[in-house]
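Chemist: This is the structure I want to talk about, given as structure tokens.
Residue numbers (the working numbering): 338 to 625.
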């Protein structure tokens with residue numbers, strides 16, 4: 338069967354099973370299973386797919402029909418134009434999180450300065466690595482509570498040639514941080530426990546629970562981060578934290594309660610993602 342026909346059949350199979358991204362998934366699965374780039378899929382649309390190749394593709398499609406995320410099937414996800422390795426030990430990077438990266442870069446006055454960045458709950462390392470790729474003299478530390486997760490982050494930094502400026506340490510939230518930092522970033526877990534029941538299967542069954550849920554309220558991670566930062570004599574110049582689209586008021590109130598917002602403290606700004614939803618809290622301490 339011709340390649341374009343195979344891709345069309347895969348898309349129809351996925352679409353019939355209720356997968357919204359069926360056409361995109363079909364192309365990604367075909368490219369991965371046949372070791373073809375997106376350009377190759379276009380240029381060689383009339384290429385014949387062998388029986389052995391069909392069996393390989395059928396196995397990949399079966400995994401997707403079980404709602405395994407395409408990123409897990411491929412073993413990678415593109416984020417900020419970078420190929421980020423993923424596994425069941427890390428949260429699959431979401432496009433919404435690029436809001437945090439762009440917000441930090443826009444707020445930085447001197448991109449050539451030797452900024453020190455800390456990423457709390459680093460996961461795959463996508464946030465820290467994206468910033469390091471844009472800030473040539475910056476260095477960073479990624480913190481996570483799970484060692485296999487840190488292995489993935491290290492592998493990503495190494496693959497992208499950034500390991501000389503990145504380190505990854507095990508720890509709970511900001512506990513390992515002892516020296517002053519310039520920029521603190523985090524995409525912590527922010528779902529309430531009750532919200533797990535409403536998640537799609539490809540999230541609920543495949544993303545790590547510890548990267549999704551933050552206690553009964555969904556705010557425990559922010560409480561822990563703000564409580565820790567409030568004790569620091571030297572605040573980071575910038576803080577950027579991602580949150581759920583309905584949590585902006587709650588997260589801002591928590592920051593205020595810990596003395597991190599006000600005329601003699603951090604200047605707050607809420608950033609919106611591409612869909613116009615509140616997504617990131619920026620706190621600027623550089624003028625205090």
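Even glycine gets a Cβ: it sits at the ideal position worked out from N, Cα and C.
Identify, in the order they occur along the chain, each residue of the same chain with its Cβ nearer than 6 angstroms to the Cβ of residue 339, setting aside the five sequence neighbours on each side.
Modeler: Counting only Cβ-Cβ distances below 6 angstroms, and skipping sequence neighbours, we find 383.
Chemist: Spell out the partners DSSP gives residue 617 in its beta bridges.
Modeler: 579, 608
Chemist: Please list the segments of the beta strand (DSSP E) lying wholly inside the stretch 400-430, counting only runs of 3 or more residues, in order along the chain.
Modeler: 413-416, 419-422
Chemist: Looking only at its own chain, which residues have a Cβ that is under 8 angstroms from the Cβ of residue 632, when we skip the five neighbours before and after it?
Modeler: One cannot answer for residue 632 here, as it falls past the ends of the chain, which runs 338 to 625.
Chemist: Just grab the DSSP bridge partners of residue 603 for me.
Modeler: 598
Chemist: Determine, using beta carbons only, whether residue 490 and residue 460 come nearer to each other than 8 angstroms.
Modeler: yes
Chemist: Does the pairing of the stretch 563-573 with the stretch 531-540 give three or more beta-carbon distances under 8 angstroms?
Modeler: Look at the beta carbons and you see the stretch 563-573 not touching the stretch 531-540: under three pairs across the two are nearer than 8 angstroms.
Chemist: Rounded C-beta distance between residue 398 and residue 366? I'm assuming under 8 angstroms.
Modeler: 6 angstroms
Chemist: Taking the DSSP output, what are the residues bridged to residue 482?
Modeler: Partner(s): none; residue 482 has no beta bridge.
Chemist: Enumerate, from N- to C-terminal direction, the unbroken beta strand (DSSP E) stretches of 3 or more residues contained entirely within the stretch 513-577.
Modeler: 520-523
Chemist: Below 8 angstroms on the Cβ atoms is my guess for residue 411 versus residue 381; work out the distance and round it to an integer in Å.
Modeler: Between residue 381 and residue 411 the Cβ distance is about 19 angstroms, and since that is not below 8 angstroms, they are no contact.
Chemist: According to DSSP, residue 503 sits in a beta bridge with which residue or residues?
Modeler: 477
Chemist: Nearest-angstrom Cα distance between residue 547 and residue 526?
Modeler: Annotation: residue 547 to residue 526 spans about 7 angstroms, alpha carbon to alpha carbon.
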